[in-house]
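Residue numbers (UniProt numbering), protein chains in the order written: chain X, 1 to 323; chain P, 1 to 387; chain R, 1 to 379. Note that beta-carbon positions come from the ideal geometry of N, C-alpha and C, so glycine has one too.
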Amino acid sequence: MDFDALISGLDRHTLDGITRGSIYALVALGYTMVYGVMKLINFAHSEVFMVGTWTVLGVYTAIGATSGSGLAMVIGATLLALIAAMLASAGTALAVERIAYRPLRKKGAPALIFLITGIGCSMVLVEVFGQVLRVFFGRPFGRVTVNIPAVLETKTVFTIPGVDLAVSNTRILIIVGAIVMMLALDAFVNRSRLGRGVRAVAQDPDTASLMGVNQERVIMLVFVLGGAMAGVAALLYTVQYDITKFDIGFIIGLKAFTAAVLGGIGNLRGALVGGLFLGIVEVYASAVWDSSWTNVYAFVVLVVVLMFRPTGILGESLGKARA
Amino acid sequence: MIRSTKTWQAVALTAVAGLALSACGTTDTGGGSSGGGDEGGDCNFKIAAMGALSGPNASIVVPSVDGAQLALDQWDGGDCTVEMERFDTEGDPAKATPVATQIAGDESFIGVIGGAFSGETRATKTIYQDGGIPMISQSATATDLTQEDPVEVFHRLVPYDDYQGAAIAKYLTDEVGATKVFVIDNAEAYGEPLADRVEETLGDAMIQRDKTEVGQTDFAPTISKIESAQPDAIMYGGYIAEAAPLLKQIRDAGIDVPFIGGDGLYGADFGNAVGEAGEGAVVMCPCAPIDESSTFAADFEEAYGGAPGAYAAEGYDAMTVFLKGLEDGARDRAAMQEFVTGYTGDGLSKSIAFDENGDVPQDQVSYWAYKNTGGTLQPEVEVKPAE
Amino acid sequence: MSQILDAVRGLALGERWNHAPKVVRWAVMLLVIAFAFYLPYLNILPFAYIRTDLTASGSDWASVLFLIVVYMIVAVGLNVVIGLAGLLDLGYVGFYALGAYSVAIFGSTNSPVVQALQSRFGLSEDWAVPFAVCIPIAILVSLVAGVILGAPTLRLRGDYLAIVTLGFGEIIRITFRNLDGISNGAAGITGVPVPPGPETDGRAFFNTIDAERWYWLALAILILLIFLARRLEHSRVGRAWLAIREDEDAAAVMGVAGFKFKLWAFAIGATLGGLAGLLFGSKQQYVEPNAFMVNLSFLFVAMVVIGGSGNIFGALLGAFLLTYLPERFREFVDWRPFAFGVALVAVMILRPQGLVPSRRRAREFEDRRHEAEEAAADV
Chain X
1 MDFDALISGL DRHTLDGITR GSIYALVALG YTMVYGVMKL INFAHSEVFM VGTWTVLGVY
61 TAIGATSGSG LAMVIGATLL ALIAAMLASA GTALAVERIA YRPLRKKGAP ALIFLITGIG
121 CSMVLVEVFG QVLRVFFGRP FGRVTVNIPA VLETKTVFTI PGVDLAVSNT RILIIVGAIV
181 MMLALDAFVN RSRLGRGVRA VAQDPDTASL MGVNQERVIM LVFVLGGAMA GVAALLYTVQ
241 YDITKFDIGF IIGLKAFTAA VLGGIGNLRG ALVGGLFLGI VEVYASAVWD SSWTNVYAFV
301 VLVVVLMFRP TGILGESLGK ARA
Chain P
1 MIRSTKTWQA VALTAVAGLA LSACGTTDTG GGSSGGGDEG GDCNFKIAAM GALSGPNASI
61 VVPSVDGAQL ALDQWDGGDC TVEMERFDTE GDPAKATPVA TQIAGDESFI GVIGGAFSGE
121 TRATKTIYQD GGIPMISQSA TATDLTQEDP VEVFHRLVPY DDYQGAAIAK YLTDEVGATK
181 VFVIDNAEAY GEPLADRVEE TLGDAMIQRD KTEVGQTDFA PTISKIESAQ PDAIMYGGYI
241 AEAAPLLKQI RDAGIDVPFI GGDGLYGADF GNAVGEAGEG AVVMCPCAPI DESSTFAADF
301 EEAYGGAPGA YAAEGYDAMT VFLKGLEDGA RDRAAMQEFV TGYTGDGLSK SIAFDENGDV
361 PQDQVSYWAY KNTGGTLQPE VEVKPAE
Chain R
1 MSQILDAVRG LALGERWNHA PKVVRWAVML LVIAFAFYLP YLNILPFAYI RTDLTASGSD
61 WASVLFLIVV YMIVAVGLNV VIGLAGLLDL GYVGFYALGA YSVAIFGSTN SPVVQALQSR
121 FGLSEDWAVP FAVCIPIAIL VSLVAGVILG APTLRLRGDY LAIVTLGFGE IIRITFRNLD
181 GISNGAAGIT GVPVPPGPET DGRAFFNTID AERWYWLALA ILILLIFLAR RLEHSRVGRA
241 WLAIREDEDA AAVMGVAGFK FKLWAFAIGA TLGGLAGLLF GSKQQYVEPN AFMVNLSFLF
301 VAMVVIGGSG NIFGALLGAF LLTYLPERFR EFVDWRPFAF GVALVAVMIL RPQGLVPSRR
361 RAREFEDRRH EAEEAAADV
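Written out as structure tokens, the structure reads:
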């Protein structure tokens, strides 16, 4: 136990926690939006994220971006990878919805069945990158860890005076990127016409369809938006960690889902709060003890929070996101 | 109820028909052993390769099994027909025991290559012992396998963790000249004992120890511990999947001290996973560089489309020992067991012999530090751990 | 596919079964049980094609049968939690691990706890808690764990329960992995005791080679548990679960205390999970934390749901298929997980009510399907 290390490096640990939590939060948005509208845990969402990381690798390889490229190349490659990852992840999410969820919805199957098809889809997507694509195309696919070139090289941009905390360009990108995307999504859901439809269906699906909201379209929109956010998370993740692997989605997905519940599932701002909170708690606790207990910290915090606030920190409901 | 009477008549009829059918034949449950070794004196045998061929850990095992297959393909068997059967365990002891029971019960198997991991080996070695079938493991390094409750049939081509840990510590103090080493492990059955042994050997030369997890990608808490400890070298006991992001984050934080890992990082996959951040990282491996004149690397690449990965040479060697046994006239498990126990010869990875516990004698093992240069591991220096 | 199903339905087997004379029912049941016990020796074509050891890279048939039965016990237990009480438990592997680890920690001479007891009380190095005592310990530990987990969390709504239980399973595994002084950490514990028995051929009666003995033991326990679970389902507790599952508020109004009965379901499920773990650990004679990953919890849930949750025979069928098929088709090595995923999706889409749903569940499902169709027609 080393509480001194936590206290003396509090600023540093907080920044680390926010960085980690930003990615949790972005992935958590996908869980929370789908849950808000359909009351469904989309177990395949972790793999939607994983597909995004592979897309980033694909884009870099295709345009030949490597670390040490010129500024124009860095910006261009990163933007292109961002768009491609968002598209690929959104497309994957939509495909999962079409293949695994829509037929069940038409039959009015109970929630448990959606869970199993979600797990099935998750296995299929994992195996597509771990096995199927390897058989057809060989490396880099397969069950090994693959490096993604650090196109955006990590550099210290400025040092926060007083606490002497170095802040790097990648961290700024991750934190600012996550918060900007969240604000944009929040504004979209709260301000736009389509967003109003999403909130209406989340609040009361039957009344919403009486009011002329096309429920199917709202569901598709929710999967696309959640998927796109996972795509953003995928790019930010590769910027920070430089790797991908066929089963990389599992742990991120688990944590993001925990974050969504922690913040209040179905609540967009809850995903942000839950993600950041979870990231900070994990980093603090790992600084005091060590990282081999990380999942225990996460789940203990979850249980404690749920005991006092049974619907999460901010409470549920996408419909009342303004509250 | 007429209908129900008819039903039960039908049931009775089916039962009779079933009994009649049963006279039609029986299966041979010896495991499809048409090519078994029981056909009077000729030399038809099978060798089993058991390990994680699917699942997240397959990348550490598949190259060694491919290496064994390569040895078999290159072998001129003369009168002998030998096949290698791959048994997937996913590295899970629960899935390994049915496999082991099957292999032990099928007399056409004359040897086992594996278990690849220590856990599955622990769970299955007594089964193989009961079946009297010799095993040669290419990669199970847990100390207790041979030191605490050894079984006669178990042999391995890799030295156990205690020696490896000592070799890494020796490299750190003698070659790097480190006096403040930061030791990290992955809290798993491979990394933790290895790091324990490094810690023990280093003594005061270790300043701090931290534990991480398999599947972890964000190492920020560990990085900040490293920053405040100011080490002059970092040792990591674990696998490639976590070493890659760990290294990247260490270098991003501006920490430029040497990074040393155990043989869990050895293999062509290391360079692919770590990228530029891994330049100059050192991997300690109880394997001598493969002789320049050997065509192994080229042959392997031609057959499997990639440079030889983890333990490929050990897999090749394990198969070679069994094949030499067949050349020597071993025609059953007892003879093979006797041959393997007494075997001496040069292998790709080291010169091979087994002591009474089934370990390669210490003086036969050479530890080499490999430096990651331009994405491939280049032999740097040989290290002799003190006894 | 659907034609075959229709044909099967046309036979109206269930109805005929209910109308068959009692003697016939008993006779058929005994025959089925006798056949189950005979399975390891099943060697008659064409039936023997179900064996898993026919190809060169197959696995031992009796060992596979044992694993199937252990997972069937798990499915019976989880069916109580998911199928009867309607609680989504994604951390069932935690109880399974507790059962296996209990017998290892107290019964193995290699366990740190036993060694500590030896030196504390000056006992001999061969001393360990006898196997017979380990059984109640394992059952008690999993039961208590079920209550401890259930008490604070069962008040949560369904989906929250899912993630909390999932976390519980992870906490158990990580704790066993990290506590070197109790569970020997990541290396696991060897020398897990086996049930006592007469020595045959110089080996213990329950050994690692003669897997069929383990299979028979597990099968006997399974049959007993099925019998008990059936009785439970039709008891007052079983009816209370049904009421809670269908409408918790209505049940509460009628005086059915939701929390109490949910806790019952959780505790009973936990006990069965622990029992299955005990059998597994003992047969394996070795436990290690990586044998209890989260994925196993998902597999368990999939067994119950694929078979048809709520119906004990559905759960048994699910456990059989999901354990047996990957072993039977070992020759497809690393294509199996892919096929498994595809099969999960396909089966659930074609038969969302499960392969053999309980009659009540099937009716509930029909109702909902009509509602869904009507709703679709409205739009």
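Note on geometry: alpha-carbon atoms of Asp-242 (chain X) and Leu-276 (chain X) lie some 22 Å from one another. Per DSSP, Arg-328 (chain R) is one residue of the alpha helix (DSSP H) stretching across 312-328.
Taking 8 Å as the CB threshold, Ser-57 (chain R) stays off the interface with chain X. Within the region 125-206 of chain P, the complete alpha helix (DSSP H) segments of 4 residues or longer fall at 144-147, 161-170, 191-202, listed in chain order.
Per DSSP, Leu-219 (chain R) has no beta bridge partner at all.
Distance from the CA of Thr-376 (chain P) to the CA of Ile-223 (chain R), rounded to the nearest whole angstrom, comes to 58 Å. Between Val-74 (chain R) and Gly-281 (chain R), the C-beta gap is not smaller than 8 Å, which leaves the two residues out of contact.
Around the Cβ of Glu-374 (chain R), a 10 Å sphere holds fewer than 16 other Cβ atoms; the residue is exposed.
DSSP places Cys-134 (chain R) within a helical segment (H, G or I) once states are collapsed to three. Where Glu-85 (chain P) is concerned, the enclosing beta strand (DSSP E) starts and stops at 81-88. For Ile-226 (chain R), no CB of chain X lies under 8 Å from its own CB, so it is not counted at the interface with that chain. As far as DSSP is concerned, Asn-184 (chain R) takes part in no beta bridge. By the C-beta density criterion, His-13 (chain X) is buried, having at least 16 other C-beta atoms within 10 angstroms. Per the DSSP secondary-structure output, Gln-208 (chain P) pairs in a beta bridge with P:Phe-182.
When 9 Å is used as the limit between beta carbons, Ala-372 (chain R) is near these residues of chain X: Arg-105, Lys-106, Lys-107, Gly-108, Ala-109, in chain order. Three or more Cβ pairs drawn from the region 69-76 of chain P and the region 311-324 of chain P lie within less than 8 Å of each other, which places the two stretches in contact.
Neighbours of Tyr-241 (chain X) in chain P, taken as residues whose beta carbon is under 8 Å from its own, are Thr-217, Asp-218, Pro-245, Lys-248, Gln-249 in chain order. The shortest C-alpha to C-alpha distance from Glu-125 (chain R) to any of R:Ile-139, R:Thr-109, R:Pro-136 is the one to R:Thr-109. Interface annotation for the region 267-285 of chain R against chain P: Phe-280, Lys-283, Gln-284, Gln-285, criterion Cβ-Cβ distance under 9 Å. In the DSSP assignment, Ala-88 (chain X) falls within the unbroken alpha helix (DSSP H) covering 71-96. Against Arg-330 (chain R), the close residues of chain P are Phe-87, Asp-88, Val-99, in the order they occur along the chain (beta-carbon pairs closer than 9 Å). Taking every protein chain shown into account, the CB of Val-32 (chain R) has fewer than 16 other CB atoms within 10 angstroms, so this residue is exposed. For the pair Met-73 (chain X) and Ala-85 (chain X), the Cα-to-Cα distance works out to about 17 Å. Sixteen is the threshold: since fewer than 16 other Cβ atoms of the shown chains lie within 10 Å of the Cβ of Glu-199 (chain R), the residue is exposed. Taking 8 Å as the upper bound for CB-CB distance, Gly-274 (chain X) and Thr-311 (chain X) are not in contact here, some 12 Å apart.
A straight-line Cα-Cα distance of about 55 Å links Gly-261 (chain P) and Ser-358 (chain R).
Residues of chain P whose Cβ lies closer than 8 Å to the Cβ of Ala-150 (chain X) are, in chain order, Lys-248, Gly-275, Glu-276, Ala-277. For secondary structure counted as the alpha helix (DSSP H) over 4 or more consecutive residues, the region 149-192 of chain X holds these complete runs in sequence order: 169-191.
Here DSSP, grouped into helix, strand and coil, assigns Gln-240 (chain X) to helix. One Cα belongs to Ile-116 (chain X), the other to Val-201 (chain X), and the distance between them is close to 24 Å.
Sequence-distant Cβ neighbours of Val-163 (chain X) in its own chain, meaning closer than 8 Å and more than five residues away, are Asp-11. Taking the CA atoms as reference points, Trp-127 (chain R) sits about 38 Å from Tyr-236 (chain P). If only complete runs of 4 or more residues are kept, the region 98-161 of chain R shows the alpha helix (DSSP H) at 112-121, 131-153, in order along the chain.
Shown in chain order are the members of the region 204-233 of chain P whose Cβ falls below 9 Å from a Cβ of chain X: Arg-209, Asp-210, Lys-211, Thr-212, Glu-213, Gly-215, Gln-216, Thr-217, Asp-218, Phe-219, Ala-220, Pro-221, Thr-222, Ile-223, Ser-224, Lys-225, Glu-227, Ser-228.
Here the alpha carbon of Glu-301 (chain P) sits roughly 32 Å from the alpha carbon of Glu-175 (chain P). Within the same chain, Cβ atoms closer than 6 Å to the Cβ of Leu-172 (chain P) are found at Ala-178, Val-181, Ala-233, the five residues on either side in sequence being excluded.
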